[in-house]
Ligand SMILES: *Cc1c(COP(=O)(O)O)cnc(C)c1O
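Residue numbers (our numbering): 240 to 551.
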């Protein structure tokens, strides 16, 4: 989106490592309209410090938009940590079954959009009788962003969710706390299992005490650390490919957040068209396996991981 699609619309993005909040400040100039980060980064599973980044956003009066897909509101509520707008892929844990595709934009309603640098909210919109979203909504002026989102991208341009998918997501959200707790418990058990496994070189999971993201994750998250676990398999790319091909219960899929467990070896699949150097730049080492841990019985998950890791 940021690298390939938005530049076609004249929107440029500068990329930096989000782990150090100072990196955001270094990249800000007079043209900057938005700061963006994922709470848990994909695929490395580093965790951003949302409070610290939001303080920089406030200092320069720029909205902070946070992708909280990997945490869901069950673990983390970014608006309470200073984010201005939160997005989620509903396709993942919120829907929970990989059956519907959709997303949601949640506006905190606190950002002041009357600054002239946000042209779309300050100049009359001819498609709505000259409405200036940041000025003409009365008490609702702070809702300028989400009002325009509903009127222009959703109603005028058609980015609305289909009724079938909306229904599936409502079904999913009803069971979110039950599923999410089980995802977290299973993922923690899988991370520990892999840490002790002789065929595994390294494991990243924010719930592991020794993980570099553990401290910030513990301070920010409630109830657990999410359903994603990544690990390095001994034997590199070839071993990664063999492992995924020998899984039985766990599905080989590029999605995340299904009720069932999913695995992918990016180096030989989704990212195989990139050189090894380009892959490493994106945090993808040849040995990296990404697991989206599902809500099955943990004994079944361990058994499948164990048998697939034993094939050489
Ligand atoms: C999948 C995903 C998206 C995109 O969502 P879709 O529902 O697949 O369009 C955005 N952010 C994160 C973190 C995701 O995992």
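A virtual CB, placed ideally from N, CA and C, is assigned to each residue, including glycine.
Between the Cα of residue 456 and the Cα atoms of 535, 334, 445, 462, which residue gives the shortest distance?
445
Rounded separation between residue 350 and residue 291 - CA only
17 Å
Rounding to the nearest angstrom, what Cα-Cα distance links residue 268 and residue 545 in this structure?
51 Å
Nearer than 7 Å: is that true of the beta carbon of residue 408 relative to any heavy atom of ligand 1?
no
From the DSSP output, read off the bridge partner residues of residue 273.
Paired residue(s): none; residue 273 is not in a bridge.
Compare the Cα-Cα distances from residue 271 to each of 385, 358, 411, 529 and report the closest residue.
358
Hey, how far is the Cα of residue 297 from the Cα of residue 377?
23 Å
CB of residue 306 to nearest heavy atom of ligand 1: below 7 Å?
yes
Out of 332, 549, 473, 281, which has the shortest C-alpha to C-alpha gap to residue 312?
332
For ligand 1, any of its heavy atoms closer than 7 Å to the Cβ of residue 404?
no
Limits of the alpha helix (DSSP H) - the one that residue 328 falls within:
That residue, residue 328, is in no alpha helix (DSSP H); its beta strand (DSSP E) goes 324-328.
Output needed for residue 369: all residues of its chain with C-beta closer than 8 Å, excluding positions within five of it in sequence on either side, in chain order.
363
Can you give me the C-alpha to C-alpha distance between residue 414 and residue 484, rounded to a whole angstrom?
31 Å
Nearest-angstrom Cα separation, counted from residue 495 out to residue 508
15 Å
Option nearest residue 356 by Cα separation, candidates 473, 273, 243, 260:
273
By how many angstroms is the C-alpha of residue 294 removed from the C-alpha of residue 426?
32 Å
Consider the C-beta atom of residue 395 and the heavy atoms of ligand 1; say whether any pair is separated by less than 7 Å.
no
Beta-carbon separation (whole angstroms), residue 502 vs residue 473, contact threshold 8 Å
No, residue 502 and residue 473 are not in contact; Cβ-Cβ is about 16 Å, not under 8 Å.
Tell me, please, whether the CB atom of residue 379 is closer than 8 Å to any CB atom in chain C?
No chain C is part of this structure, which consists of one protein chain only.
Pair every Cβ in the segment 314-324 with every Cβ in the segment 453-469, then say whether three or more of these pairs are closer than 8 Å.
yes
Under 8 Å between C-beta atoms of residue 533 and residue 500
yes
Tell me the DSSP secondary structure of residue 529 in three-state form.
strand
Under 8 Å between the Cβ atoms of residue 257 and residue 505?
no
Tell me which same chain residues have a C-beta within less than 8 Å of the C-beta of residue 326, skipping the five on either side of it?
304, 305, 306, 307, 308, 342, 343, 344, 345
Is residue 482 near ligand 1 - that is, is its Cβ less than 7 Å away from at least one heavy atom of it?
no
Between which two residues does the alpha helix (DSSP H) holding residue 303 run?
Per DSSP, residue 303 belongs to no alpha helix (DSSP H); it is in the beta strand (DSSP E), 303-306.
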